[in-house]
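**Q**
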Amino acid sequence: MRRAGAQALRRIVSADTGTVEAAGLLAAAGSVGPSFQPGLLPRTTRDQALITGVVASANYAFAATTQALAEAVARRLGQRLNAARGRMPRWGAARDRMPRWDAARDRMPRWDAARDRMPRWDAAGGRMPRRDVARGRLLRLDAARGRPLSRRDAARGRGGLRGIVADPRTTALVTQVCACGAGIALQRLAAQRPEEGLGRAAVRVFGWRLTAGGVAGALATAADAVADRLTGAPTGARINVAATLLAGAGVSAVLYARQRRAADIPAGGHVMRPADAPGGTQPVGTSDEPGGARAVRSVDVPGGPEVVRPADAPGGTQPVGTSDEPGGARAVRSVDVPGGPEVVRSAGVPAGPEATRAAVPAGARAVRAAGVAAGVQAVGVGTGVQVLQAVGVGTVVSASILAAARAEAAAAAALGRAVALAVPSLAPAERVAGHAITLALITYAARRAAVLAYRRIDSAGVVVEPAHQEQPTSPLVSGGPASLVRWADFGREGRRYVGMTLTAQEIAHVTGAQDARDPIRVFVGLASALTPGERADLAMRELERSGAFERSVLAYFSPTGSGYVNYVAAETLEYLTKGDVASIAIAYSVRPSFLSLDRVRAAWEENLAFLTALSWRLRSIDPARRPRLVLFGESLGSQAAQNVFLHQGARGLDLLGIDRALFVGTPFASAWRQAWLDDPEGCDGDGRVVEVASYEEWLALPEERRERVRVVLLTHHEDPVPKLGLPLLIQSPGWLGPVRGPGIPAAARWRPFVTALITFVDMLNAIHVVPGQFVSLGHDYRGDLARFVRLAFDLPADEATMAAVERALRDRELDWANRRVAGDKK
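The numbering used here numbers the first residue of the sequence shown as 800 and each following residue consecutively.
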């Protein structure tokens, strides 16, 4: 057993590979350390493993391609050089045709005598090691190659400097050094400028890749030459794999250490807000942990002890704090509850829906530091076991990707040979044809898989939940008696939206208003009509039927891709208007937002048709009785609503009679938002549009500025959705510049492709909802949303009312979560 293990270890250590693969392995190993740089949000070990594997595979491909190109150029230059030598008579005669050279090598007995019998020559040989060394090397080269030396090889071996110049590795090394120089020159010439085009950024990234690939290839080629020099046995351009990986690990360790040192630099104030703080100005401190993790330095229970929990706390469960409940029960606000929707349990209470309860006392708020998402165990630089696990799994991911690439190459080669046999005229292009056919087959299979996946997701989006299967009984909501919208056409989110409508009694109980009314909610599902125009028309007719134009406020909610309407915003609006409001939402998809990007145009058509019709209908009403029209959009819904005003700036809202608007977590792809960010004066000369990340930032604005605002964009600094776009692949963003907002780690550095991948993973971790706990983190805006609905829509409410409303919102959220859990168990 020991002998077998030793042999296996010896085989692994002595394994070698070509310079192309060695350059790729060196770049892949060197990219492991930088792949651990912090992102906007903490990530799990699994996510880190995925990032490491994909980054290593991409760097392998880039470096191997650069090395292969350099060797191809070297071979071409070598052929041209040999051809040029063949045209020089004296050089050719000296190498192949001069009989005196042959005589000196093979036929002159005096040469043998000089070698074997003359003592002075022996002494001279002892003092002239170059000839002996050259002869020894040629013999070893014979043994390594297993064939006799040609005259060209002999001349090359005896040629000293001439042999070094003629070595293909020298030409390849020169080519790689030139590639590095060209890459550096491209980066200098295309240095980043403000408001530059993507073409300039692409040139700069190409230069960066050229430099990185050239360095990896040069190191691999130099390693091959050094190995030949140390061993004295030419390896035929073969490089030891273990040595290559160790060299890459050394590069990775250096970059990783630099990253650790950068992590010690403060990244601006990471301040979180307790939602119940007066004016939202009560700061809660946090501290940066290695790897982008943040430590929570707050407890949301008045009078409770301060608890510090790092984001990578063992166990994967991240309680924010605990509170003493009446009866001696200890409430623990936990994140991970196995078996379906996340709920909050009280410690010591039997499991079950009836035991689930709010752990936050009246007036308190759940607080989580920026960068600490519920249920996400952060991968920190100092967590050795997690780092090793991530590297191990990442190696498997990378190997799987490379194996798939090799399988594709083998399939393309086989198909190419088949094409050459079938159509001999295509033989010169058989490899191109093989890859084209393979790519076509892969594309077809991917499209079929996507269609099947979309069908399954669409089916899940229209599933009927037990907690929302009963049809509404109120004529004031869609799906109820006399409604024009069939209840069977409501998707999951549509049923939730109309099923959670408040009643006049519930509003009066929370706000104390004696004149509360039952609100109106209108919803049109994706299956309610075939086209966007027909769905808009159905919504208008449903508004007329329900008497919506007799209310003081009309609120249009542009839903997310799944059809979700933020119930915190909808219910806050109903509380603060005392029910004198009609809310409308029209679905354009039933898939999550990142899978509904192909539905953005349909959403634009739908919103444009509906808002245009609605504006004309409102103009027909006497101004004294005309309802105010407000607009709310979240995530992809924000982009879909803003597209209606594209190229019109803030004036577009005036044209459609929209009084005020609140957009939450607007995606990067919103052209309207990007145009406003690029040219605020041109899009909004009156200063009516503002973008803030928190209630504190709103309060920090001058009072005169706040009074002019009619459109509020609420965008968290650490929210990846407004930051993830195609330019991030090749262009360094402003939010990673010298001046960074709160929540942006100082250790984060922009790297082509890597930063975009990390931000994409951050987007997948951007929302971790715990029922009853309102946080302002990532893409979760519930912690500040009630206050922003009040200020954005100019609704009157004092602090006591807002505290009661927010407490009721948390209780209702938790209660509905319990109902869904109970319904799923039946």
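The C-beta atom is built at its ideal place from N, Cα and C for all residues, glycine as well.
1. Spatial neighbours of V1364 within its chain, please: C-beta separation below 6 Å, excluding the five flanking residues on both sides.
2. Whose C-alpha, out of L1238, A1021, T1300, V1263, is nearest the C-alpha of T1043?
3. Whole beta strand (DSSP E) runs in the stretch 973 to 1054 with 3 or more residues, listed along the chain?
4. If contacts are defined as beta-carbon pairs under 8 Å, then R1316 and K1377 qualify, I think. What distance do you get, rounded to the angstrom?
5. Report the start-end ranges of each alpha helix (DSSP H) in the stretch 1405 to 1477 that is 4 residues or longer and not cut off at the edges.
6. So T865 and G1016 are in contact, right, with Cβ under 8 Å, and what is the actual spacing, rounded?
7. For S1414, which of W1549, G1536, G1451 has the nearest alpha-carbon?
8. Say yes only if the C-beta of T1242 is nearer than 6 Å to one or more non-hydrogen atoms of the ligand ZN, and no if none qualify.
9. Does the beta-carbon of R1619 have 16 or more other beta-carbons within 10 angstroms, so that it is buried, or is it exposed?
10. Let me know the secondary structure DSSP gives F1289 once reduced to three states.
11. Can you find at least 3 beta carbon pairs, one from the stretch 1524 to 1541 and one from the stretch 1497 to 1513, that sit closer than 8 Å?
12. What does the alpha-carbon distance come out to for the pair A822 and A855?
13. Under a Cβ-count criterion, where at least 16 other Cβ atoms within 10 Å of its own Cβ denotes burial, should H1578 be classed as buried or exposed?
14. Taking the C-alpha atoms as reference points, what is the distance between E1605 and D1518?
15. Ignoring anything shorter than 4 residues, give me the alpha helix (DSSP H) runs that lie fully in the stretch 1326 to 1400, in order along the chain.
16. Per DSSP, what kind of secondary structure is V1495 in: helix, strand or coil?
17. If you count every other CB in all the chains shown that lies within 10 Å of the CB of V1262, and 16 or more means buried, which is it?
18. N1564: buried (16+ other C-beta within 10 angstroms of its C-beta) or exposed?
19. Rounded to whole angstroms, what's the CA-CA distance from L1342 to F1348? Just pull it up for me.
20. Could you check whether A1335 and A1408 sit closer than 7 Å to each other, using their CB atoms as the reference points?
21. First and last residue of the alpha helix (DSSP H) that includes R1539?
22. Could you check what DSSP says for V1148 in three-state terms: helix, strand or coil?
23. For F1592, tell me which candidate among R1340, E1506, R1609 has the shortest Cα-Cα distance.
24. Looking at the strands, I want to know which residues DSSP matches up with I1200.
25. Label I1319 either buried or exposed according to how many other C-beta atoms from any shown protein chain fall within 10 Å of its C-beta, with 16 as the threshold for buried.
26. Keeping to the same chain, check which residues put their C-beta closer than 7 Å to that of A1585; ignore five residues upstream and five downstream.
27. Please state if the CB of F1467 and the CB of L1513 are separated by a distance shorter than 7 Å.
28. With which residues is E1490 paired in a DSSP beta bridge?
29. Thinking just about the alpha-carbon of each residue, which of A867, W1475, A1041, S1282 is nearest to the one in Q1447?
30. For a quick check, are the C-beta atoms of P833 and A1546 less than 7 Å apart?
31. Taking a contact to mean a Cβ-Cβ separation below 7 Å, would you say S1382 touches L1275 in this structure?
32. With DSSP collapsed to three states, give me the class of D1583.
33. My output table needs one value for R1320: the three-state DSSP class, helix, strand or coil.
34. Write down the C-beta distance between A1449 and V1488 rounded to the nearest angstrom, noting that I regard them as a contact closer than 8 Å.
35. Taking C-alpha atoms, which residue in Y1580, Y1253, A1616, I1566 lies nearest to P841?
36. In terms of residues, what are the limits of the alpha helix (DSSP H) holding F777?
**A** Once the coordinates are examined:
1. Y1296, F1356, P1358, A1384
2. A1021
3. 1037 to 1039
4. 7 Å
5. 1435 to 1441, 1450 to 1454, 1470 to 1477
6. 6 Å
7. G1451
8. Among the components of this structure there are no ligands whatsoever, and the ligand ZN is therefore not found.
9. buried
10. coil
11. no
12. 12 Å
13. buried
14. 23 Å
15. 1331 to 1345, 1366 to 1375
16. Position check: residue 1495 holds Glu in this sequence, whereas Val was assumed. DSSP places E1495 in helix when its eight states are reduced to three.
17. exposed
18. buried
19. 7 Å
20. yes
21. Where R1539 is concerned, there is no enclosing alpha helix (DSSP H), given that its DSSP letter is neither H nor E.
22. Below a pLDDT of 50, predicted positions are generally treated as unreliable, and V1148, at 33, falls in that range; the measurement from the model is reported next regardless. Three-state DSSP puts V1148 in coil, outside helix and strand.
23. E1506
24. I1200 pairs with nothing; no bridge assigned.
25. buried
26. V1367, T1371, M1601, V1604, E1605, L1608
27. no
28. L1512
29. W1475
30. no
31. no
32. helix
33. strand
34. 5 Å
35. I1566
36. Nothing about residue 777 can be reported from this structure: the residues present for the chain run from 800 to 1625 only.
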